[in-house]
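There are 2 protein chains.
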Amino acid sequence: MSAIKFKIEKRLKGKLGRAGVLETPNGSIQTPAFVVVGTKATVKALTPEQVKDLGTQVVLANTYHLYLQPGDEIVAEAGGLRKFMNWQGPTMTDSGGFQVFSLGAAYGKEISKVVKITDPSLMIPERFDDSDAPCLAKIGQDGVSFKSHLDGSVHYITPEKSIQIQHNLGADMIFAFDECTSPAEDIRYQTEALDRTHRWAKRSLEEHIRLNKENKIALFGIVQGGREEDLRKKSAKSLSEMEVNGEGFDGFGIGGSFAKEDMSTAVKWVNEILPEEKPRHLLGIGEPEDLFMGIENGVDLFDCVAPTRIARNGSLYTGIGNINILNSKFISDFSKIDEDCHCYTCQNYTRAYLAHLFRGKEILANTLASIHNLYFIVSLVKKIRQSILDDNFADFKTDFLMRYK
Amino acid sequence: MSAIKFKIEKRLKGKLGRAGVLETPNGSIQTPAFVVVGTKATVKALTPEQVKDLGTQVVLANTYHLYLQPGDEIVAEAGGLRKFMNWQGPTMTDSGGFQVFSLGAAYGKEISKVVKITDPSLMIPERFDDSDAPCLAKIGQDGVSFKSHLDGSVHYITPEKSIQIQHNLGADMIFAFDECTSPAEDIRYQTEALDRTHRWAKRSLEEHIRLNKENKIALFGIVQGGREEDLRKKSAKSLSEMEVNGEGFDGFGIGGSFAKEDMSTAVKWVNEILPEEKPRHLLGIGEPEDLFMGIENGVDLFDCVAPTRIARNGSLYTGIGNINILNSKFISDFSKIDEDCHCYTCQNYTRAYLAHLFRGKEILANTLASIHNLYFIVSLVKKIRQSILDDNFADFKTDFLMRYK
């Protein structure tokens with residue numbers, strides 16, 4: 027039996043999309059839903075009350091960061107992630123495997139720092155809300171060794187270790203340890219990496235079942251396979267069928283990077299194969315147009331740091347496209363960021379005030395901008411959900427995307 | 027008739043201290059009260075709701091900063107300081123004259139940057155909540171010219187200009203333009219500067235009366251005189267008696283710096299002379315022991331950036347002295363910052379979580395630490411007020427100071 031329960035309420039006619047409810051040990055999530063990222067057990071610049079008030083249903087923290095600081099044992103001793111950070115609702119953690127991608131690492135080779143992806147047509151998932159990354163990593167069959175970006179200490183993460191750390195952190199939903207390959211890698215490497223990811227998925231599942239005696243935690247497997255149709259389909263099939271003592275994954279992540287124009291196709295390949303009664307999480311993707319694409323093709327959960335990261339740079343969503351509040355025309359603009367927005371920021375402050383706070387490098391700028399951008403994205407997903415319930419998805423999508431950009 | 031009304035409810039036996047109520051056009055303040063500093067129309071790292079919830083009654087913004095950015099006309103167009111920053115209660119602005127001190131400037135000389143005061147026995151008022159300061163200033167009989175720290179533009183502030191700016195900002199209580207001298211200056215300079223401050227006070231009062239047709243704003247004169255008894259007394263007397271068309275100041279600020287051991291004496295000199303029916307504000311002072319000293323000697327209002335500035339460095343008040351949360355022993359300390367504290371931070375977070383946020387350089391660290399420190403100081407002043415009402419001041423003071431440090 028799973029620690030979570032997923033119920034589909036309505037399907038999108040002729041498409042893979044659906045609206046549902048995901049019940050977790052710490053509250054229900056109406057899906058599709060945008061998962062707000064709180065990398066280091068804090069959604070940057072916001073209190074948990076502010077996170078909740080903007081409509082957030084679930085928060086995702088990053089295992090890699092919390093493992094290094096304060097350490098998963100400290101979080102466990104504090105009573106787990108929820109209690110440590112004072113978040114009352116459902117939580118997720120990623121597996122730390124994404125760091126492998128963020129390094130652009132390759133099997134058996136030592137790689138220092140991130141491979142910069144310059145091709146703008148590639149969709150790079152955005153999964154940590156800062157630039158901390160390990161300095162040096164080495165992938166082996168058993169796991170990944172890396173040097174901490176904080177103190178240079180050397181660590182070795184295996185699938186078992188990742189699951190142990192995540193059980194210490196104690197989120198409601200956790201992920202199998204995977205290798206998220208760089209889109210720059212060739213097919214031979216992608217194939218090898220995918221085999222590794224599947225072996226790691228199996229070991230993650232075994233360790234999870236061993237530790238999950240109280241059945242409080244759900245494990246998601248992660249589909250990889252880069253941009254290759256056959257690899258993506260193979261991955262979806264393997265993970266769907268994977269079992270240990272009759273138990274499979276409780277849900278699935280879809281990881282890796284995609285070519286912008288192929289993303290919907292790739293997501294479709296995968297979701298046509300994944301069991302429809304289990305939730306699917308598209309990892310690190312969350313721009314407005316991508317949300318429509320993902321939901322249409324059967325995605326239930328999204329997480330992405332873009333809303334908060336761009337907020338801190340002064341880039342704010344509006345229904346007719348993004349504005350940069352540092353543009354001098356906003357200094358004396360006493361309208362709201364977005365006239366149609368009901369967020370705390372738009373209800374109480376003008377563009378002129380935001381422009382002033384950003385120019386003054388005031389901390390509150392980050393808070394107010396993050397509230398607005400998260401509200402915009404969280405609400406957009408809620409509206410898309412409602413449009414599915416109302417048999418109105420296609421019109422809503424057309425109207426929104428016509429105005430936006 | 028004054029825009030504010032001050033009523034003394036109870037006096038401290040044998041001392042100058044009193045508990046009262048100060049009514050402003052935007053709400054009442056129970057005095058003694060700690061005024062929270064919001065330098066650039068924002069209390070650093072806090073929303074106005076957080077500021078209010080921690081018990082703040084009144085916020086003070088800095089004229090110099092708002093004049094340069096976004097400009098007082100922008101704030102006026104926004105509907106004034108309160109509306110611009112979304113603060114529902116009473117507000118104050120300082121006069122900008124303090125910048126003269128922060129430069130260690132001297133009459134007729136051009137001075138670049140701040141004179142560093144290294145004598146730890148000197149009490150340096152702390153009145154802006156960041157390190158922004160003009161690059162170069164020159165004091166004349168008419169006013170002060172300075173270069174903006176933002177863009178090098180040259181500005182000239184006279185008493186009239188300061189009052190015009192402050193009327194544009196539109197706080198409930200504003201201050202006359204003064205010269206806050208460096209304690210390093212000799213008596214000849216202090217005497218000259220004081221004469222100048224008195225002439226500027228008169229001109230400030232004239233301009234204020236001219237502009238205050240709707241009687242919505244109260245003007246406080248600022249007593250100066252450095253560490254000199256006769257100058258302090260002379261200043262208190264001159265300002266008490268100063269009138270324009272039968273109207274005097276609505277209240278008084280006590281400015282300048284003091285020797286730590288002499289401060290209570292200096293405040294006493296002044297408050298024995300100032301009319302007791304008007305409120306008195308000790309500018310830029312607010313450490314716990316100073317609050318007792320000031321209140322005992324007849325001070326009604328304090329402002330100081332120390333609580334928020336030290337909070338952002340991880341220094342947190344507790345009833346038994348300050349702790350630095352970056353000390354490694356707090357990494358696994360799951361107790362509250364202060365077991366006796368009822369602030370939002372102490373009700374919801376552990377020292378371990380704060381230690382983690384500070385080590386991770388997370389923005390929320392500033393928010394939670396500032397809430398705690400401000401709550402501590404704001405509440406301390408409220409408790410001192412209550413002790414006056416309960417005829418219990420001396421015992422409360424002894425008990426508190428015995429435990430604290």
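From first to last, the protein sequence lines stand for chains X and L.
Residue numbering for the first sequence follows this note's numbering, beginning at 27 and increasing consecutively.
Residue numbering for the second sequence follows this note's numbering, beginning at 27 and increasing consecutively.
Even glycine gets a Cβ: it sits at the ideal position worked out from N, Cα and C.
Asked                                                                                                                                                                                               : Found
Quick one: using the 10 Å Cβ neighbour count with 16 as the cut-off for buried, is L:M479 buried or exposed?                                                                                        : Here chain L covers residues 27 to 431 and nothing more, so residue 479 of chain L does not appear.
Listed in chain order, which residues of the region 221-247 of chain X have Cβ atoms closer than 8 Å to some Cβ of chain L?                                                                         : none
Please classify X:I213: does DSSP put it in a helix, a strand, or coil?                                                                                                                             : helix
Is there contact between the region 323-335 of chain L and the region 288-304 of chain L, where contact requires at least three CB pairs shorter than 8 Å?                                          : yes
Quick one, are the C-beta atoms of L:S358 and X:I100 less than 7 Å apart?                                                                                                                           : yes
Look up X:H175 in the DSSP assignment and say whether it is helix, strand or coil.                                                                                                                  : coil
Measuring only between beta-carbons, confirm whether X:I434 sits less than 7 Å from chain L.                                                                                                        : In this structure chain X extends from 27 to 431, so residue 434 of chain X is not present and cannot be described.
Beta strand (DSSP E) containing X:I243: first to last residue?                                                                                                                                      : Unbroken run through X:I243: none, as it is neither H nor E.
If you reduce the DSSP assignment to three classes, tell me which class X:M319 lands in.                                                                                                            : helix
Say whether chain X places a C-beta atom closer than 7 Å to the C-beta of L:N323.                                                                                                                   : no
Less than 7 Å between CB atoms is the rule here; does L:A59 satisfy it with respect to chain X?                                                                                                     : no
With 16 as the cutoff for other CB atoms within 10 Å, does L:M437 come out buried or exposed?                                                                                                       : Outside the shown range of chain L, which is 27 to 431, sits residue 437 of chain L, and nothing can be said about it.
What are the residues of the region 350-373 of chain L that lie near chain X, defined by any Cβ-Cβ distance shorter than 7 Å?                                                                       : I357, S358 and F360
Considering just the uninterrupted stretch of the alpha helix (DSSP H) at L:H368, what are its terminal residues?                                                                                   : That residue, L:H368, is in no alpha helix (DSSP H); it is neither H nor E in DSSP.
Quick one: is X:R225 buried, meaning 16 or more other Cβ sit within 10 Å of its Cβ, or exposed?                                                                                                     : exposed
Helix, strand or coil for L:I357 per DSSP?                                                                                                                                                          : coil
Against X:K66, what residues of chain L qualify as contacts under a CB-to-CB distance less than 9 Å, listed in chain order?                                                                         : H382, L383, G386 and E388
Between the region 269-286 of chain X and the region 240-252 of chain X, can you find at least three pairs of beta-carbon atoms closer than 8 Å?                                                    : yes
Beta strand (DSSP E) containing L:I34: first to last residue?                                                                                                                                       : K31 to R37
Give me the subset of the region 395-406 of chain X whose CB atoms are less than 8 Å from a CB atom of chain L, sorted by chain position.                                                           : none
Counting along the chain, where does the beta strand (DSSP E) carrying X:E287 start and finish?                                                                                                     : That residue, X:E287, is in no beta strand (DSSP E); it is neither H nor E in DSSP.
Using DSSP with H/G/I as helix, E/B as strand and the rest coil, what is X:T393?                                                                                                                    : helix
Taking the straight line between their C-alpha atoms, what separation do you get for X:L107 and L:L383?                                                                                             : 14 Å
Would a check of beta-carbon distances place L:Q437 closer than 7 Å to chain X?                                                                                                                     : Limits of chain L in this structure are 27 at one end and 431 at the other, which puts residue 437 of chain L out of reach.
In the DSSP output, what is L:K164 paired with across the bridge?                                                                                                                                   : L:S171
Does the region 69-77 of chain L come into contact with the region 390-402 of chain L, if we say contact requires no fewer than three beta-carbon pairs (one atom in each stretch) closer than 8 Å? : yes
In the DSSP assignment, find the unbroken alpha helix (DSSP H) run with L:M108 in it and report its ends.                                                                                           : The displayed chain sequence assigns Arg, not Met, to residue 108 of chain L. Element bounds for L:R108: L107 to M111.
Report the residue from X:K39, X:S54 and X:R37 whose alpha carbon sits nearest the alpha carbon of X:K31.                                                                                           : X:S54
Within the same chain, show all residues whose beta-carbon is closer than 7 Å to that of L:L92, passing over the 5 residues directly before and after it, in chain order.                           : K66, A67, D98, V101 and L195
With C-beta atoms as the reference, is L:V296 less than 7 Å away from L:R253?                                                                                                                       : no
For L:N241, which residues in the same chain have their Cβ closer than 7 Å to its Cβ, ignoring the five residues on either side in sequence?                                                        : M27 and A29
Should X:A29 be flagged as near chain L, meaning a C-beta pair shorter than 7 Å?                                                                                                                    : no
Whole angstroms is fine: what's the gap from L:L129's alpha carbon to X:S174's?                                                                                                                     : At L:L129 the pLDDT is 47, less than 50, meaning the model places this residue with poor confidence and gives no usable figure here.
Give the straight-line distance between the Cα atoms of L:T334 and L:I235, rounded to the nearest whole angstrom.                                                                                   : 35 Å
Within its chain, find whatever has a CB closer than 8 Å to the CB of X:D417; leave out the 5 residues flanking it on each side and keep chain order.                                               : K39
Alpha carbon to alpha carbon, how far is X:D204 from L:K431?                                                                                                                                        : 53 Å
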